[in-house]
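This report concerns only the one structure given below.
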């Protein structure tokens, strides 16, 4: 977590990443939480109990990737916007990333966007494949982006093009 303290964002080395074997089974949540604060909406939201917090509620949540079925409920429930849903089985060369999005207007399915990494740097182009925005999500829609498969663990946000 030293990169977070020095840079203000995590490096991939700071994140617990599913194995390629797990990615091959379908969508899976990836937690990039850095806040040691009392918080547990992700554990309460997970119907399979794949997300746990060991010891104090102030600790960083852990995820059992084998229990996670990729439902994505936790993505919208995380107040820190620190959970992403990665699906590397979307296409032969592409993956999808589900990420929380708290801005208006919402992007539209099919919209082309500029992809951004954890530092806010441009890292390619993507396409919105879906926008989930149900009442149960409590005003935190989840936007799904199609990206190159090799960028799935790098892309963490996007910029809409000016119209």
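In our numbering, the protein residues as written are 572 to 734.
Glycine included, every Cβ here is placed at the ideal spot set by N, Cα and C.
Predicted model only: the values in this text are computed from it and were never measured.
Self-check item: Closer than 8 Å to chain B by CB, residue 640
Solution: Given the protein chain composition of this structure (a single chain), no chain B is represented.
Exercise. Go to residue 615, then tell me how far its alpha helix (DSSP H) extends in each direction, as first and last residue.
Key: Note, residue 615: alpha helix (DSSP H), 612-616.
Exercise. Measure the CB-CB distance between residue 684 and residue 716 and report whether it falls below 8 Å.
Key: yes
Quiz item: For the region 629-692, which segments carrying the alpha helix (DSSP H) assignment without a break, of at least 4 residues, lie completely within its bounds, in sequence order?
Solution: 644-648
Quiz prompt | Local Cβ density within 10 Å of residue 659, reported as buried at 16 or more and exposed below that | solution = buried
Self-check item: N- and C-terminal bounds of the beta strand (DSSP E) containing residue 730
Solution: 726-731 is the extent of the beta strand (DSSP E) around residue 730.
Quiz item: Excluding five sequence neighbours on each side, which residues of the same chain lie with their C-beta closer than 6 Å to the C-beta of residue 602?
Solution: Counting only residues of its own chain and dropping the five nearest sequence neighbours on each side, residue 602 has a CB closer than 6 Å to the CB of 632, 634, 654.
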